Amino acid sequence: MKINQAFREDAGRAVLCWLATVSADGQPNVTPKELFAIHDDETLLIADILSTNSVRNIRGNPKVCVSFVDVFAQRGFKVEGMARVVAPDEPDFSQFGAPLVTLAGEAFPVRHAIVVSIARISRIWAPSYSLVPERTDAERQAEAYRSYGVIPGAGT
6 MKINQAFRED AGRAVLCWLA TVSADGQPNV TPKELFAIHD DETLLIADIL
56 STNSVRNIRG NPKVCVSFVD VFAQRGFKVE GMARVVAPDE PDFSQFGAPL
106 VTLAGEAFPV RHAIVVSIAR ISRIWAPSYS LVPERTDAER QAEAYRSYGV
156 IPGAGT
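When the letters of the sequence shown are read in order and numbered with my numbering, they come out as residues 6 to 161.
If you want it as structure tokens, here you go:
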């Protein structure tokens, strides 16, 4: 499945993505990932900064799910696919790790690149899109700001 423009825009606004993996004994693991990038139309890159459980799980079971949600727009995407872990000493790290290292700068060490080959992309919608379809995007966003106690434009 290919990444489309809507996905690129929503993922570009996301502060975090959530990576779901499963351990060898079937225990689910969902963790936020701060550094991620779109590599091409079929591949996501996620930085392993302190993702010991995620890396171990992927090495045992490469099936993953990644979610991007803009809490203010109340929509996002879910990606299902197969992941692999690429270490800095592997030849592919220069291709897959470089964008993540650039994003990290001096702030974080990138221990591995998690390379996700996308099998399926699904849209995530808040229930309000179905329950209150006449609500505009601006109204939905204003309601989310109220719900989360956010004052637009205040602070950095």
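Yeah, the Cβ is synthetic: ideal placement off N, Cα and C, and Gly gets one too. None of the values given here were measured: they were computed from a predicted structure.
Measure the CB-CB distance between residue i and residue j and report whether it falls below 8 Å.
i	j	result
residue 68	residue 120	no
residue 93	residue 81	no
residue 123	residue 84	yes
residue 25	residue 70	yes
Counting along the chain, where does the alpha helix (DSSP H) carrying residue i start and finish?
i	result
residue 109	103-109
residue 142	142-153
residue 136	133-136
residue 59	57-65
residue 12	10-18
Measuring straight from C-alpha to C-alpha, what distance separates residue i and residue j?
i	j	result
residue 88	residue 58	14 Å
residue 66	residue 29	7 Å
residue 95	residue 118	10 Å
residue 128	residue 115	29 Å
residue 152	residue 100	41 Å
residue 130	residue 79	6 Å
residue 138	residue 147	15 Å
residue 60	residue 52	10 Å
residue 140	residue 149	12 Å
Measure the beta-carbon distance from residue i to residue j and round it to whole angstroms, keeping in mind my assumption that it falls under 8 Å.
i	j	result
residue 41	residue 126	Incorrect: roughly 15 Å between the Cβ atoms, too far for contact.
residue 91	residue 98	5 Å
Less than 8 Å between CB atoms is the rule here; does residue i satisfy it with respect to chain D?
i	result
residue 61	Looking for chain D here will not work: only one protein chain is present.
Looking only at its chain, what residues have a beta carbon closer than 7 Å to the beta carbon of residue i, apart from the 5 residues adjacent to it on each side?
i	result
residue 43	8, 13, 16, 49
residue 73	15, 16, 19, 22, 81, 82
Between which two residues does the beta strand (DSSP E) containing residue i stretch?
i	result
residue 89	80-91
Just to confirm my understanding: we take residue i, look at its own chain, exclude 5 residues before and 5 after, and list those with CB closer than 8 Å. What are they?
i	result
residue 104	42, 44, 50
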